[in-house]
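Written out below as structure tokens is the structure these notes cover.
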Ligand SMILES: Cc1cc2nc3c(=O)[nH]c(=O)nc-3n(C[C@H](O)[C@H](O)[C@H](O)COP(=O)(O)OP(=O)(O)OC[C@H]3O[C@@H](n4cnc5c(N)ncnc54)[C@H](O)[C@@H]3O)c2cc1C
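Residue numbers (the numbering used here): 11 to 494.
Written out as structure tokens, the structure reads:
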């Protein structure tokens with residue numbers, strides 16, 4: 011519950027409809043897309059302009075009230091999970107596209123704008139916003155910046171951090187700040203990169219300038235079926251090794267393709283052990299040439315069937331199964347837990363075999379969907395939260411997968427962030443000195459630690475509790491040096 015004096019101060023800033031404290035009004039905010047972890051906040055605040063955000067943060071700072079910023083609540087790492095003693099600051103009403111500039115190919119948008127809405131608004135100018143998380147119909151651009159979100163097209167066009175120019179935000183003490191600028195490069199430290207992926211720990215984002223790209227003239231996707239995951243993995247390596255950077259390079263295993271097919275009827279081959287989707291985009295000549303090379307490499311590496319989309323409708327159909335893979339898996343299991351880790355592509359067969367072994371040992375089915383070109387895995391562990399022990403076994407299974415990602419030279423996140431979920435993984439990935447530096451950066455922005463407390467950067471005490479996970483690998487080339 012909020013202290014009455016804080017409640018009164020917030021009520022003076024916001025209209026009654028924008029200050030929610032009743033349990034039935036605050037309950038919908040108890041978790042994000044990671045439903046394993048829940049907490050009811052003391053209040054939910056729905057400001058509609060920056061002046062209100064400034065006043066709220068000043069007051070919370072003064073009264074030591076924790077603040078968790080929230081976009082659309084689709085995070086899969088518990089980044090937007092509330093603090094029981096604090097407020098959720100929803101940016102849902104910051105939903106306007108302020109301008110689109112054809113000449114500079116940029117748009118200025120508020121943080122609550124949906125990712126896909128930017129591309130829809132830019133379409134009449136022949137432009138689009140490249141990063142396309144599978145959640146793009148729902149997730150907000152503010153959440154994308156805070157998580158440095160990725161997507162199918164990020165292999166060729168970069169992550170969120172490569173597709174934004176300027177971020178405006180408010181610090182916990184109410185100070186308005188800007189990161190980056192209108193120029194292509196800014197002098198000084200790259201604070202734009204620092205705020206990107208900072209998971210609401212450094213500032214509340216109130217405005218973003220995004221880059222827009224010209225829509226490619228032509229795009230085609232090849233759908234290739236394989237009798238084994240190893241062959242599909244080898245084909246991925248061969249395509250990248252040949253110097254081709256496809257516009258998208260995704261893999262789904264049989265569990266995932268079958269679930270997606272039953273849901274959206276994407277015309278996937280159901281007997282294949284793995285399916286690859288490989289997209290080429292550019293001019294008609296470029297696409298024809300690249301697609302020929304891709305088909306040759308797919309066939310050489312054991313594809314048992316290759317189809318190339320004939321038109322936009324078929325391209326959208328082939329992608330529909332991949333884009334709907336998470337909800338499709340949600341249909342066949344009461345609950346699922348999406349893991350997000352990155353591995354070197356060469357380790358793919360070993361890691362997938364190990365996941366299959368653990369899946370049998372834990373008695374928990376696991377479907378695999380991943381951004382294969384980036385080596386970004388998304389094992390989806392199927393469980394039933396109402397079955398005693400299922401939740402604990404699911405978490406243990408997920409921890410083992412992430413520990414394996416580190417062991418083979420990868421990382422504990424590819425795009426979903428750390429949130430509350432992977433604090434143990436952070437202890438495994440980083441040495442205490444590195445975590446101390448992260449904490450020093452946090453303290454420089456938020457000395458009282460009020461913005462999204464307990465997320466993303468674990469305390470050393472927490473790491474001691476997670477001791478069993480500590481397999482720090484340091485700098486891979488120079489193991490005795492920390493990674494900075
Ligand atoms: C079905 C499904 C598919 C997904 N596919 C992908 C994918 O392909 N790629 C990918 O990267 N992610 C994916 N995600 C995860 C998620 O959609 C992304 O992380 C997204 O960027 C979260 O945006 P959001 O608006 O929902 O943020 P939220 O969940 O509301 O918040 C996420 C984090 O950002 C912070 N935050 C939000 N807004 C602000 C702000 N204005 N200022 C400061 N901090 C803020 C929050 O505090 C929290 O830490 C998927 C999720 C689902 C459910």
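Glycine is no exception: its CB is placed at the ideal position from the N, C-alpha and C atoms.
Report task. Identify the continuous beta strand (DSSP E) that holds residue 149 and give its terminal residues. Result -> Along the chain shown, read from residue 1 onward, the residue named residue 149 stands at position 139. No beta strand (DSSP E) holds residue 149; DSSP gives it neither H nor E.
Query raised in the report: Between the segment 340-355 and the segment 228-242, do at least 3 Cβ pairs fall closer than 8 Å?
Result: no
Query raised in the report: What residue range is occupied by the uninterrupted alpha helix (DSSP H) comprising residue 189?
Result: Counting from one through the chain shown, the residue named residue 189 turns up at place 179. Segment 186-190 is the beta strand (DSSP E) holding residue 189; no alpha helix (DSSP H) there.
Requested in this report: Could you have a look at residue 350 and say whether DSSP puts it in helix, strand or coil?
Outcome: Working through the chain shown from its first residue, we reach residue 350 at position 340. In the structure shown, residue 350 sits in coil (DSSP, three-state: anything other than H, G, I, E or B).
Query raised in the report: What's the C-alpha gap between residue 494 and residue 92?
Result: As a working mapping, residue 494 is identified with position 484 in the chain shown. As a working mapping, residue 92 is identified with position 82 in the chain shown. Residue placement at residue 494 is poorly supported in this model, since its pLDDT is 42, which falls under 50; the coordinates still yield a value, given next. So the two alpha carbons sit approximately 31 Å from each other.
Query raised in the report: In whole angstroms, what is the alpha-carbon distance linking residue 460 and residue 75?
Result: Along the chain shown, read from residue 1 onward, the residue named residue 460 stands at position 450. Along the chain shown, read from residue 1 onward, the residue named residue 75 stands at position 65. Distance between the alpha carbons of residue 460 and residue 75 is about 7 Å.
Query - Length of the line joining the Cα atoms of residue 456 and residue 19 - result: By one-based count along the chain shown, residue 456 stands at place 446. By one-based count along the chain shown, residue 19 stands at place 9. Taking the straight line joining both Cα atoms gives about 21 Å.
Query raised in the report: In this structure, does DSSP put residue 448 in helix, strand or coil?
Result: Mapped onto the chain shown, residue 448 falls at position 438. Helix, per DSSP.
Query raised in the report: Relative to the alpha-carbon of residue 82, which residue among 194, 259, 39, 17 has its alpha-carbon at the smallest distance?
Result: Counted from its first residue, the chain shown places residue 82 at position 72. Of the candidates 194, 259, 39, 17, the one whose C-alpha sits nearest the C-alpha of residue 82 is 39.
Query - Nearest to residue 269 (by Cα), restricted to the options 375, 370, 192, 172 - result: Residue 269 sits at position 259 when you count from the first residue of the chain shown. Answer by Cα proximity: 375.
Query raised in the report: DSSP on residue 490, reduced to helix/strand/coil?
Result: Position 480 of the chain shown holds residue 490. Confidence is the limiting factor: at residue 490 the pLDDT is only 47, short of 50, which leaves the residue's position unreliable, though a coordinate-based value still follows. Coil.
Query raised in the report: Which whole-angstrom value describes the C-beta separation of residue 55 and residue 99, a residue pair presumed to lie in contact below a C-beta threshold of 8 Å?
Result: Position 45 of the chain shown holds residue 55. Position 89 of the chain shown holds residue 99. 5 Å between Cβ atoms; contact.
Query raised in the report: Is residue 54 near ligand 1, in the sense that its beta carbon is under 7 Å from a heavy atom of that ligand?
Result: The sequence position of residue 54 within the chain shown is 44, counting from 1. No; taking the cut-off as 7 Å, the Cβ of residue 54 has no heavy atom of ligand 1 nearer than that.
**Report entry** For residue 35 and residue 14, the rounded distance between their alpha carbons
**Finding:** Here the question's residue 14 lines up with position 4 in the chain shown. Here the question's residue 35 lines up with position 25 in the chain shown. Going from the Cα of residue 14 to the Cα of residue 35 covers about 19 Å.
Report task. Throw me the rounded Cβ distance for the residue 89 and residue 399 pair, which I believe falls under 8 Å. Result -> Here residue 89 refers to the residue found at position 79 of the chain shown. Here residue 399 refers to the residue found at position 389 of the chain shown. About 27 Å separates the two Cβ atoms, so there is no contact after all.
Query raised in the report: Taking just the CA atoms, how far does residue 149 sit from residue 141?
Result: Position 131 of the chain shown, counted from the first residue, corresponds to residue 141. Position 139 of the chain shown, counted from the first residue, corresponds to residue 149. Between residue 141 and residue 149, the C-alpha separation is close to 12 Å.
Query raised in the report: Thinking C-beta only, is residue 138 closer than 8 Å to residue 221?
Result: To locate residue 221, count along the chain shown from 1; it is residue 211. To locate residue 138, count along the chain shown from 1; it is residue 128. Cβ distance not < 8 Å, so residue 221 and residue 138 don't count as in contact.
Query raised in the report: Going by DSSP, what residues sit across from residue 376 in a beta bridge?
Result: Within the chain shown, the letter at position 366 stands for residue 376. In DSSP, residue 376 forms a bridge with 391.
Query raised in the report: beta strand (DSSP E) containing residue 258: first to last residue?
Result: Stepping through the chain shown from its first residue, residue 258 is reached at position 248. Residue 258 -> beta strand (DSSP E) spans 258-263.
Query raised in the report: What do you reckon, is the C-beta of residue 238 under 7 Å from a heavy atom of ligand 1?
Result: Start at 1 with the first residue of the chain shown, and residue 238 comes out as number 228. It does not: the Cβ of residue 238 is nowhere closer than 7 Å to a heavy atom of ligand 1.
Query raised in the report: Considering only the beta carbon of each residue, do residue 345 and residue 86 sit closer than 8 Å?
Result: Residue mapping note: residue 345 aligns to position 335 of the chain shown, counting from 1. Residue mapping note: residue 86 aligns to position 76 of the chain shown, counting from 1. No, Cβ-Cβ distance for residue 345 and residue 86 is not below 8 Å.
Query raised in the report: Under a Cβ-count criterion, where at least 16 other Cβ atoms within 10 Å of its own Cβ denotes burial, should residue 194 be classed as buried or exposed?
Result: Position 184 of the chain shown, counting from 1, holds the residue named residue 194. By the 10 Å Cβ count, residue 194 comes out exposed.
Query raised in the report: Does the distance from the CB of residue 310 to the CB of residue 382 come in under 8 Å?
Result: In the chain shown, residue 310 corresponds to position 300, counting from 1. In the chain shown, residue 382 corresponds to position 372, counting from 1. Not a contact, by the Cβ cut-off of 8 Å.
Requested in this report: Return yes when the C-beta of residue 183 is under 7 Å from any heavy atom of ligand 1, and no when it is not.
Outcome: Taking the chain shown and counting its residues from 1, one reaches residue 183 at position 173. Incorrect: residue 183 has no Cβ contact closer than 7 Å to ligand 1.
Query raised in the report: Anyone know if the C-beta pair for residue 211 and residue 37 falls short of 8 Å?
Result: The sequence position of residue 211 within the chain shown is 201, counting from 1. The sequence position of residue 37 within the chain shown is 27, counting from 1. Their beta carbons are not under 8 Å apart, which means residue 211 does not touch residue 37 by this criterion.
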